[in-house]
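Q: Just so you know, the numbering used here puts 66 at position 60 of the sequence shown, and the rest follows in order with no gaps. The beta-carbon is built from N, C-alpha and C at its ideal position, and this holds for glycine as well. On a predicted model such as this, the values are computed, not experimentally measured, just so you know.
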Amino acid sequence: VAFGEWPDRERTPYEDWRAVVFEREGFNSDNMLVATHGDDVVGVCYVVDGERAGWVNSLGVDKAHRNRGIAQVLLARAFEGTRSRGLKRAELATDSRTGALGLYENLGMHVTQTYEDWLLEL
């Protein structure tokens with residue numbers, strides 16, 4: 007649900023997402039962190055281990071549960087796990103509209119590159 011709020015982002019059916027995440031070579035369930043509130047999943051962070059870095063593949067918190075520090079805790083624990091597996095870096099890519107840039111900076115991350123997407127409707 008957290009990723010469904012962008013009108014220009016195409017929705018991925020669950021089975022397709024599952025195939026990309028859970029059925030990919032090298033999937034490690036220890037790299038998927040989940041935050042719950044009661045019986046509801048309210049946040050998730052999934053890291054894919056690369057040769058030199060952990061890649062934050064997914065990070066999302068349900069809109070109703072944001073600004074409570076959930077994403078910060080998920081990322082901090084993900085970074086601890088990445089470090090414990092011997093990787094020295096953690097990386098992610100983000101849309102600047104998310105409002106989470108300060109979160110990443112507070113955790114010690116910095117921007118390494120930027121890009122813009124351009125579109126012409128024909």
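To which residues of the same chain is Met38 closer than 6 angstroms at the C-beta, ignoring the five residues directly before and after it?
A: Result list for Met38: Tyr52, in chain order.
Q: What is the DSSP secondary structure of Thr120, reduced to helix, strand or coil?
A: Coil.
Q: Between the region 44-61 and the region 79-86, can you find at least three pairs of beta-carbon atoms closer than 8 angstroms?
A: Result yes; three or more Cβ-Cβ pairs closer than 8 angstroms.
Q: May I ask which residues mark the beginning and end of the beta strand (DSSP E) holding Ala41?
A: Taken as a continuous stretch (DSSP letters only), the beta strand (DSSP E) holding Ala41 covers Met38 to His43.
Q: Do the CB positions of Val62 and Leu98 come within less than 7 angstroms of each other?
A: For Val62 and Leu98, yes; Cβs fall inside 7 angstroms.
Q: Check Gly114 in the structure and name its three-state DSSP category.
A: DSSP places Gly114 in coil when its eight states are reduced to three.
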